[in-house]
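Contents: one structure, followed by commentary.
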Amino acid sequence: MVSLQEILELSQTATSADKEIIKKAYSYAEKAHANQRRYSNDPYFDHLTETAKILAELGMDYSMISAGLLHDVIEDVQVSAEELEKEFGKEILFLIEGVTKLGKIRYKGSNKHNESLRKLFVAMSQDIRVLIIKLADRLHNMRTLSFVPKEKQKRIATETLEIYAPIAYRLGIRKLNRELEDLAFPYVYPEEYVLAKKVHQEKQNHDIERLEKFHRSLAKALVKQGLKPLHTDYRIKGLYSLYKKWLKKGKDTEKIYDIAALRVIVSTVSDCYKALGIIHGTWRPYPGRIKDYIAFPKPNGYKSLHTTIFTGDGNLIEIQIKTEEMYHESEYGIASHFNYKSNKQNFKKNQSTSGFMWVKNLLPNMNSSAEKAKSQKITNLKDTVPNWIRELVSYQKTTVDDEFEKSMKRDFFEERIFVFTPKGDVIDLPIDSSPIDFAYAIHSDIGNHTAGVKMNGKFVSLDTKLKNGDIIEIQTKDSSHPTAKWLELTKTTMARKHIKTVLPKDKNQDQ
Ligand code: MN
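Here the sequence shown stands for residues 1 to 511, where the numbers follow my numbering.
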């Protein structure tokens, strides 16, 4: 169990009023789960305090820490939404309900649909804060997976590896991504894990010694040329990420140069390039391994300069050069943006919506000019937030802060369902859509020749209503054409438009 004191100390952005709410959530959760135990036989409450601690360590605000403490009360002890709202307010209730809803999406273990499932997961979460709480929840469950019955372990670990870890990666939260992957790896690929461990050990023993030595020469070279780095260290690649690299390199251990990498942290972007110049002037770079992720950040927002150099003793070493801020972002990703020093004040200005502010700041189009002027972090965010997440967030655009509740009800996702093609692509449709809507959403030709439909592998009639997560397969026949009845079965404007244009023509053709 993590003590309240420890959580409060970690909650650096919390005011004393915020801390009162965390305190209240802490004792509320303790009472609510008093009679429950985990598979480990530890009190269930431990899971909640550990989840809250992970969130506090990520620098999340009081509402997320409180929601972390309370995230299982709806599902596990049937506390009502009304009561939670009365005790903790709308925002914390919203977060808890979001996490509860996400808990209902089940991973069915088909690799084909993983990308879609990830998208569905993100879409269903409605708010990136919900995703982050869910990631923290999963991280603690993974840390304690050894206590879970064997037959469940693999499913949970696979889900972690296929859905949660990639989402953490896309959000740029490397810290969570790495730990989730490495915890899940041995359960999902036990043999490969043993192998990776061996490769890791061989490389590591060898590398660390060299790194220690080279690390000092590097710092010396930089200082000698007038550049004092803020910090230099090295990092060892996670086991799962090593395994993936090893597969990518045709299982040739010798071709993996970045199991261990040196990190150089400097003050400014121009110092990054200066450091690169000094390094290349001192050691010969290995061709084709110089990567400028500052000018061209990775899709998840990662920024850094990478180079691999000949150390002079027959070895190669990868060096990563970044500023402190880039380093912070590379570890915490999206999460870093609403706790990073300079942002604190902005988030404190408006207590009632402080948690939501940053989500608004992810939006590509800022409405008010006051917000435009607020700070340059908006530009930073636009650079670092992956596009597909920004698109999703943009659906969540809220009009005014005090319309929080209304906007939630109006939410895009509340009125949409997400279904899959047999290939696993997500098609989003209005609630109560029919297979005909689905067919037209794929292509008008498919719509115009729909003859039958399989839902989750079984034939169903064309008036069947689609549900979230259904896999839909449309059967077409050249001889099939829309009928007037189809208009009654469709919800989407697109489908109606196509049906209407085809209908009169059909009559003529029938002669
Ligand atoms: Mn939980």
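Built from N, CA and C at the ideal position, the CB exists for glycine as well. Note that this is a predicted model, so its numbers are computed, not measured.
What is the DSSP secondary structure of residue i, counted as helix, strand or coil?
| i | result |
| --- | --- |
| isoleucine 417 | strand |
| phenylalanine 296 | coil |
| glycine 333 | helix |
| tyrosine 234 | strand |
| alanine 260 | strand |
| threonine 450 | strand |
| threonine 476 | strand |
| proline 229 | coil |
| lysine 500 | helix |
| isoleucine 22 | helix |
| leucine 8 | helix |
| arginine 38 | coil |
| lysine 220 | helix |
| glycine 301 | coil |
| leucine 561 | The chain is shown only over 1 to 511; residue 561 falls outside these bounds and no answer can be derived. |
| proline 422 | coil |
| aspartate 428 | strand |
| methionine 1 | coil |
| isoleucine 436 | helix |
| lysine 197 | helix |
| lysine 31 | helix |
| isoleucine 518 | No answer is possible for residue 518: it lies beyond the span of the chain, which begins at 1 and ends at 511. |
| lysine 203 | helix |
| lysine 467 | coil |
Within the continuous beta strand (DSSP E) that includes residue i, where are the two ends?
| i | result |
| --- | --- |
| histidine 306 | 305–310 |
| phenylalanine 459 | 458–460 |
Leaving aside the five residues before and after residue i along the sequence, list all residues of the same chain whose C-beta is less than 8 Å from its C-beta, in chain order.
| i | result |
| --- | --- |
| leucine 55 | Met64, Ile65, Gly68, Ile132, Ile133 and Ala136 |
| leucine 8 | Ala14, Lys19, Ile22 and Lys23 |
| leucine 180 | Leu135, Arg138, Leu139, Met142, Thr160, Leu161, Tyr164, Ala165 and Ala168 |
| proline 149 | Tyr39 |
| leucine 10 | Lys53, Ala56 and Glu57 |
| phenylalanine 214 | Leu262, Thr311 and Ile317 |
Would you check if the distance between the CB atom of residue i and the CB atom of residue j is smaller than 7 Å?
| i | j | result |
| --- | --- | --- |
| tyrosine 234 | leucine 218 | no |
| alanine 451 | serine 480 | yes |
| alanine 275 | leucine 230 | no |
| tyrosine 187 | alanine 157 | yes |
| arginine 118 | isoleucine 167 | yes |
| isoleucine 427 | isoleucine 446 | no |
| threonine 49 | valine 2 | yes |
| isoleucine 278 | glutamate 324 | no |
| alanine 196 | leucine 242 | yes |
| alanine 260 | aspartate 207 | yes |
| lysine 303 | isoleucine 290 | no |
| valine 502 | proline 482 | yes |
| glutamate 272 | leucine 305 | First, the residue type needs correcting, since residue 272 is cysteine and not glutamate in the sequence shown. Contact flag set, yes. |
| threonine 558 | valine 194 | Coverage of the chain is limited to positions 1 through 511, which leaves residue 558 absent and any answer about it impossible. |
| alanine 32 | valine 77 | yes |
| alanine 221 | threonine 144 | no |
| lysine 255 | lysine 248 | no |
By Cβ distance below 7 Å, which residues in the same chain neighbour residue i in space, the five residues on each side in sequence not counted?
| i | result |
| --- | --- |
| tyrosine 286 | Thr308, Ile309, Phe310 and Leu316 |
| glutamate 85 | Leu93 |
| lysine 477 | His449 and Ala451 |
| tryptophan 486 | Ile436 and Ile499 |
| glutamate 30 | Phe45 |
| proline 422 | Ile471 and Glu473 |
Which residues in the same chain as residue i place their Cβ atom closer than 6 Å to its Cβ, once the five residues preceding and following it in sequence are excluded?
| i | result |
| --- | --- |
| glutamine 12 | none |
| alanine 25 | Ser66, Leu69 and Leu70 |
| valine 223 | none |
| threonine 51 | Gly68, Ala136, Asp137 and His140 |
| glutamate 331 | Arg174 and Lys175 |
| glycine 333 | Leu171, Gly172 and Ile173 |
| arginine 178 | Gly238 |
Specify, as a first and last residue, the run of the alpha helix (DSSP H) that residue i falls within.
| i | result |
| --- | --- |
| isoleucine 92 | 81–102 |
| isoleucine 319 | Element bounds for isoleucine 319: not the alpha helix (DSSP H) but the beta strand (DSSP E), 316–323. |
| arginine 170 | 165–170 |
| alanine 52 | 45–57 |
| tyrosine 62 | 62–70 |
| proline 186 | 174–188 |
| aspartate 76 | 73–77 |
| histidine 140 | 128–143 |
| threonine 282 | 269–282 |
| lysine 150 | 150–159 |
| lysine 485 | 484–489 |
Using a Cβ cut-off of 7 Å (strictly closer), state whether residue i contacts chain B.
| i | result |
| --- | --- |
| isoleucine 321 | Looking at the structure shown, chain B is missing, and only one protein chain is on hand. |
Return yes when the C-beta of residue i is under 6 Å from any heavy atom of the ligand GTP, and no when it is not.
| i | result |
| --- | --- |
| aspartate 42 | No copy of the ligand GTP appears in this structure; the ligands present are the ligand MN. |
When you get a sec, list the residues whose CB is within less than 5 Å of any heavy atom of the ligand MN, chain order please. Asp72 and Asp137
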